[in-house]
Amino acid sequence: MAELTYRDAVARGIAQEMTRDPDVIFFGEDVAKPGGVFKATVGLYEQFGGKRVRDCPISEQAILGAAMGAAMTGLKPIAEIMFSDFFAVCFDYIANEFGKSRYMSNGQIKCPLVVRTANGAGSRFGAQHSQSVENWAMMIPGLKVVAPSNPLYPTKGEVPDGEIVDRLGAASIVRRGRDATILALALMVPRALEAAERLRAAHGIDCEVVDVRSLVPLDTRTILDSVARTHRLFTVEENPRLCGWGAEIVSIVADEAFYDLDGPPVRITTPHIPLPAADILEDIALPTVERIVERVGRSMDS
Numbered sequence: 000m001a002e003l004t005y006r007d008a009v010a011r012g013i014a015q016e017m018t019r020d021p022d023v024i025f026f027g028e029d030v031a032k033p034g035g036v037f038k039a040t041v042g043l044y045e046q047f048g049g050k051r052v053r054d055c056p057i058s059e060q061a062i063l064g065a066a067m068g069a070a071m072t073g074l075k076p077i078a079e080i081m082f083s084d085f086f087a088v089c090f091d092y093i094a095n096e097f098g099k100s101r102y103m104s105n106g107q108i109k110c111p112l113v114v115r116t117a118n119g120a121g122s123r124f125g126a127q128h129s130q131s132v133e134n135w136a137m138m139i140p141g142l143k144v145v146a147p148s149n150p151l152y153p154t155k156g157e158v159p160d161g162e163i164v165d166r167l168g169a170a171s172i173v174r175r176g177r178d179a180t181i182l183a184l185a186l187m188v189p190r191a192l193e194a195a196e197r198l199r200a201a202h203g204i205d206c207e208v209v210d211v212r213s214l215v216p217l218d219t220r221t222i223l224d225s226v227a228r229t230h231r232l233f234t235v236e237e238n239p240r241l242c243g244w245g246a247e248i249v250s251i252v253a254d255e256a257f258y259d260l261d262g263p264p265v266r267i268t269t270p271h272i273p274l275p276a277a278d279i280l281e282d283i284a285l286p287t288v289e290r291i292v293e294r295v296g297r298s299m300d301s
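Residue numbers (numbering that gives the first Met the number 0): 0 to 301.
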């Protein structure tokens, strides 16, 4: 088992699929010889050559338009959008084309492609480059939406050797507990885990932490089973509070597991504001370990 940074794990995952299937191609801005602005594609150009790993102009519409055309003609493109905020520039493809082409053509047109992007805060890039926009994508029928949590770009984590293939739509229980369920995604997962350890040490509250991983399809079975065991639910969401993914999950739990709950579900979110660029203000806006501990502890004591 190797210890890799998130960026190296991304490159390894792309390389695995390009090795498995010669129809997989990869392109985006500065992803070939430069290795990506976040260095998440280092080595791909050298391994697979310029026909399968290509740099594109600074045009998100061109990148996704080319991806869709390639997919419709039998290739399986992975298209990188540098920041998820830039989905807004090419949203017609995301909202109106990718997920609807097969449906509208009665299966005659297939569109097997992946859009890979950097999503969320932590690098102090401000209101137009640090948004967490997974809820933009999950509302669109026909798309699948996933957000791995670890290891995060500059951080390291253990990655199993050999080929890695997982089932889409499966959440992961990353910490077992009996008193409360904490649901988290991406950057919020390690924060939820640290908060759970502090809650156990300081308050004797034993939290189960679930890495949601896949928003569409959503692993409702794992979530509902966890709530049935712990009888309390907390979501930790980096996205702004209004219309966040946690609101959808809370509505599902209210519909299907209401009588398993011993208290109201609690959402711990970013406020409904543009994300500040100043480091101290970004830190205040995002859910922190301290805020998770305080909010869970207060709710469990009430």
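By construction, the Cβ of each residue, glycine as well, lies at the ideal position given by its N, Cα and C atoms.
For A183, the enclosing beta strand (DSSP E) starts and ends at 179-183. Secondary structure note for N238: its beta strand (DSSP E) is the uninterrupted segment 232-239.
Per the DSSP secondary-structure output, T116 pairs in a beta bridge with I80. Counting other Cβ atoms within 10 Å of its Cβ, K75 reaches 16 or more and is therefore classed as buried. Excluding sequence positions up to five before and after P216, its CB lies within less than 6 Å of the CB of G168, all in the same chain and listed in chain order.
Spanning the alpha carbons of E16 and L260 requires a straight line of approximately 42 Å. Within the same chain, and ignoring the five residues on either side of D278 in sequence, the residues whose Cβ sits closer than 8 Å to its Cβ are R123.
Between V144 and L214 a beta carbon distance of about 4 Å is seen, short of the 8 Å cut, so the two are scored as contacting. The beta carbon of R290 sits closer than 8 Å to the beta carbons of I267 from its chain, once the five residues preceding and following it are set aside; these are given in chain order. In terms of Cβ geometry, L182 and V209 form a close pair [threshold 8 Å]. CA-to-CA, the gap between G73 and V23 works out to about 10 Å. Around the beta carbon of P273, a 10 Å sphere encloses fewer than 16 other beta carbons of the protein chains shown; the residue is thus reported as exposed.
Between D178 and T221, the beta carbon gap of about 18 Å keeps them out of contact (Cβ cut-off 8 Å).
Residue pairing for G243: DSSP places it in no beta bridge. Taking every protein chain shown into account, the CB of A253 has fewer than 16 other CB atoms within 10 angstroms, so this residue is exposed. C55 sits in coil when the DSSP states are folded into three classes, being neither helix nor strand. Judged by DSSP in its simplified three-state form, E162 adopts coil rather than helix or strand.
Ranked by Cα distance from G245, the options R231, P264, A227 are led by P264. Around the beta carbon of R6, 16 or more other beta carbons lie within 10 angstroms, which makes this residue buried.
A distance below 7 Å between beta-carbons, with the five flanking residues on each side excluded, links D160 to the following residues of its chain, in chain order: M0, A1. The C-beta of G262 has fewer than 16 other C-beta atoms within 10 Å across all chains shown, which makes the residue exposed. By the C-beta density criterion, M103 is exposed, having fewer than 16 other C-beta atoms within 10 angstroms.
Pairing A200 with S100, the inter-Cα distance amounts to about 52 Å.
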